[in-house]
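Colleague: The following block contains the structure, expressed as structure tokens.
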Amino acid sequence: MFWRVAISIAAAQLLHRRRQTIVSTLGVALGVGFFIATSSVMSGSENDLVQRLVNNAPHITMKDEFRTAAKQPVFLAMPEATVELTNTKPREYLRGIKNYGAIVDELSQQKGVIAEAALTGQAIVRYASKDVGASITGIDPEKERYLTTVESDMREGSLMRLKTASQGIVIGRGMSDRLGLRMDDLATVVSPTGLVRRMKVVGIFSTGNLLLDEGQVYMLIKDAQVLLDKPFIANRIRIKIGDPDQAEDFAARIESRWGYRSESWQEVNRDFLGLFVIRNTITYSIVGAIMVVASFGIFNIISTIVMEKRRDIAILMSMGFRAFDIQAIFLVQGAVVGVVGMLLGWCIGLVLLQMLASIEFTIPGMSEKQHIVLDRGFFQFALGGFFSLLSAVGAAWYPARKASQVRPVDIIRGAA
Numbered sequence: 007m008f009w010r011v012a013i014s015i016a017a018a019q020l021l022h023r024r025r026q027t028i029v030s031t032l033g034v035a036l037g038v039g040f041f042i043a044t045s046s047v048m049s050g051s052e053n054d055l056v057q058r059l060v061n062n063a064p065h066i067t068m069k070d071e072f073r074t075a076a077k078q079p080v081f082l083a084m085p086e087a088t089v090e091l092t093n094t095k096p097r098e099y100l101r102g103i104k105n106y107g108a109i110v111d112e113l114s115q116q117k118g119v120i121a122e123a124a125l126t127g128q129a130i131v132r133y134a135s136k137d138v139g140a141s142i143t144g145i146d147p148e149k150e151r152y153l154t155t156v157e158s159d160m161r162e163g164s165l166m167r168l169k170t171a172s173q174g175i176v177i178g179r180g181m182s183d184r185l186g187l188r189m190d191d192l193a194t195v196v197s198p199t200g201l202v203r204r205m206k207v208v209g210i211f212s213t214g215n216l217l218l219d220e221g222q223v224y225m226l227i228k229d230a231q232v233l234l235d236k237p238f239i240a241n242r243i244r245i246k247i248g249d250p251d252q253a254e255d256f257a258a259r260i261e262s263r264w265g266y267r268s269e270s271w272q273e274v275n276r277d278f279l280g281l282f283v284i285r286n287t288i289t290y291s292i293v294g295a296i297m298v299v300a301s302f303g304i305f306n307i308i309s310t311i312v313m314e315k316r317r318d319i320a321i322l323m324s325m326g327f328r329a330f331d332i333q334a335i336f337l338v339q340g341a342v343v344g345v346v347g348m349l350l351g352w353c354i355g356l357v358l359l360q361m362l363a364s365i366e367f368t369i370p371g372m373s374e375k376q377h378i379v380l381d382r383g384f385f386q387f388a389l390g391g392f393f394s395l396l397s398a399v400g401a402a403w404y405p406a407r408k409a410s411q412v413r414p415v416d417i418i419r420g421a422a
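So the sequence shown is residues 7 to 422, counted in the numbering used here.
See below:
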């Protein structure tokens, strides 16, 4: 019964000051709408980048190098001695991961783990008197399709043709266009040591990334070993695990197990992920400032009502309304403005999201037109609604508290 009376009184007072109520409500609605739009853009772009990082590349890469240089023998023999060495360099060692086959087998036996040995290097691809520098990656096609998205990025041919074709290569669309290479053409591939091989194009992929599309070449690992003159050598072990979020811990374990530097996707992209934290902090601070400005409108209207209705408040208290009841009436006013502003803000947010989704643009380095990636999840709307109610009720709290402290005897006596 009380809440029905409180809501009716609150609604009557808000309608009495209709213009201020509309302005305050629109302020909250705009704050909610822009919060939803910016939050959806921020969350969508972050999720999209993380998904690209997780899906387009292995979760962990073991390299044929060590995280720290090997200690000099004198330091190993006398760890407590005071020794100074100058003009020394770490011991040279044969590049390549030793017993990579056994490591791959041991990793592959673990549940949810896919491991592949690979050999990477540089080469020149030549066709019709044109040369292009390329990054060579020798792979196992059966496992590569689970480690990266290259198979789904194929536009012509197939990654699996590497297994059946003799001396086959898979190139990007950018390299194909620059050299004029087409399916089943024979390209000349020259290694840094001068070794020359004629290799057939068995597939063409397109990732939308010009750097990869123009400079990446895939071939069988055995063909890469011959081309780069590194027989029975692999310099990478590429790993994918069931839970990408556990990649850092898994990389630390295998690095301590075998000693080779093992980098998780989080470590490789730590700078990018750190930028998201800074960007989100700045963005939400700006949107939060909009909500604070909107809450001042609510504070202003309720403070004005309290000042104008002191006599009515005194009469209500003399009729038996408690201080808590008076405070609740004015808090309800703030909540009403917050709820209406939230609903209007959701509508504004939907319109803004629809407008943002229709925008197309081109990014330097990307060969295809891009769209703004949006996160249209319920969480964005719920969070925007929560902040609108919080700011509205928070803005109404101080005037409501002042109203509950009115002394009806003084007001009525002064009026008399």
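Even glycine gets a Cβ: it sits at the ideal position worked out from N, Cα and C.
Determine the direct distance from the alpha carbon of Met325 to that of Arg424, and round the result to whole angstroms.
Modeller: In the structure displayed, the chain extends from 7 to 422; residue 424 sits before or after that span and is not available.
Colleague: Please classify Ala422 as buried or exposed, where buried requires at least 16 other C-beta atoms within 10 Å of its C-beta.
Modeller: Caution applies to Ala422, whose pLDDT of 45 falls short of 50 and renders its modelled position unreliable; the value that the coordinates give is listed next. The residue in question, Ala422, is exposed, as its Cβ has fewer than 16 Cβ neighbours within 10 Å.
Colleague: Taking the alpha-carbon positions, what's the Leu362 to His377 distance?
Modeller: Each residue's alpha carbon lies about 9 Å from the other.
Colleague: Rounded to whole angstroms, what is the Cα-Cα separation between Val399 and Ser45?
Modeller: Taking the straight line joining both Cα atoms gives about 22 Å.
Colleague: Name the residue from Leu356, Lys408, Lys206 whose alpha carbon lies nearest to the alpha carbon of Leu337.
Modeller: Ranking the options by Cα distance to Leu337, first place goes to Lys408.
Colleague: My guess is that Phe282 and Glu52 are in contact by the Cβ rule of under 8 Å, so how many angstroms apart are they, rounded?
Modeller: 5 Å between Cβ atoms; contact.
Colleague: Which two residues bound the contiguous alpha helix (DSSP H) that contains Ala257?
Modeller: Per DSSP, Ala257 belongs to the alpha helix (DSSP H) from 253-264.
Colleague: Report the CB separation of Ile109 from Ile243 in whole angstroms; it is logged as a contact under 8 Å.
Modeller: Yes, they are in contact, since the Cβ atoms of Ile109 and Ile243 sit about 6 Å apart, within 8 Å.
Colleague: If you run the structure through DSSP and keep just helix, strand and coil, what is Lys408?
Modeller: Three-state DSSP puts Lys408 in a helix.
Colleague: Mark Leu201 as exposed unless 16 or more other C-beta atoms lie within 10 angstroms of its C-beta, in which case mark it buried.
Modeller: So Leu201 counts as exposed.
Colleague: Use the C-beta contact count for Gln411: other C-beta atoms within 10 angstroms, 16 or more gives buried, fewer gives exposed.
Modeller: Flag for Gln411 reads exposed.
Colleague: Looking only at its own chain, which residues have a Cβ that is under 6 Å from the Cβ of Met348, when we skip the five neighbours before and after it?
Modeller: Here the set comprises Val38, Gly391, Ser394.
Colleague: For Gly118, verify whether its CB is less than 7 Å away from any heavy atom of the ligand COA.
Modeller: In the structure on display, the ligand COA does not appear, and there are no ligands present to speak of.
Colleague: Is it true that the stretch 160-168 meets the stretch 224-235, where meeting means three or more beta-carbon pairs spaced less than 8 Å apart?
Modeller: Segments in contact, yes.
Colleague: Any idea what DSSP makes of Phe393, helix, strand or coil?
Modeller: Three-state DSSP puts Phe393 in a helix.
Colleague: Is Arg267 closer than 8 Å to Glu71 when the C-beta atoms are compared?
Modeller: Yes.
Colleague: Out of Val293, Leu125, Ile365, Leu32, point me to the one whose CA is closest to Leu389's CA.
Modeller: Considering only alpha carbons, the answer is Val293.
Colleague: Quick one: residues in its chain with C-beta nearer than 8 Å to the C-beta of Gly163, no 5 flanking neighbours on either side, listed in chain order?
Modeller: Closer than 8 Å at Cβ, skipping near neighbours: Val176, Met189, Val207, Val208, Gly209, Ile210.
Colleague: Since Leu20 and Val342 are thought to touch, with beta carbons under 8 Å apart, how far apart are those beta carbons, to the nearest angstrom?
Modeller: Sure, about 6 Å apart at Cβ, within 8 Å.
Colleague: Just to confirm, are Val156 and Arg184 a CB contact at a threshold of 8 Å?
Modeller: No; because the gap between Cβ atoms is not below 8 Å, this pair is not in contact.
Colleague: Quick one, are the C-beta atoms of Leu153 and Asn241 less than 8 Å apart?
Modeller: No, these two residues do not count as a Cβ contact at 8 Å.
Colleague: What does Leu192 pair with, by DSSP beta-bridge criteria?
Modeller: Per DSSP, Lys206.
Colleague: For Val47, which residues of its own chain have a beta-carbon under 7 Å away from its beta-carbon, when the five flanking residues on both sides are left out?
Modeller: Result list for Val47: Leu362, Ile378, Leu380, in chain order.
Colleague: Give every residue of the same chain whose Cβ lies closer than 8 Å to the Cβ of Val60, excluding the five residues on either side of it in the sequence, and list them in chain order.
Modeller: Cβ neighbours of Val60 beyond the five flanking positions: Pro250, Trp271.
Colleague: Taking the C-alpha atoms as reference points, what is the distance between Leu356 and Ile13?
Modeller: Taking the straight line from one Cα to the other gives about 29 Å.
Colleague: Closest by CA to Thr67, which one among Tyr106, Asp277, Arg132?
Modeller: For Thr67, the nearest C-alpha among the options comes from Tyr106.
Colleague: Return the Cβ separation of Ala444 and Gly351 in integer angstroms, given the expectation that the two are a contact with Cβ distance under 8 Å.
Modeller: No answer is possible for residue 444: it lies beyond the span of the chain, which begins at 7 and ends at 422.
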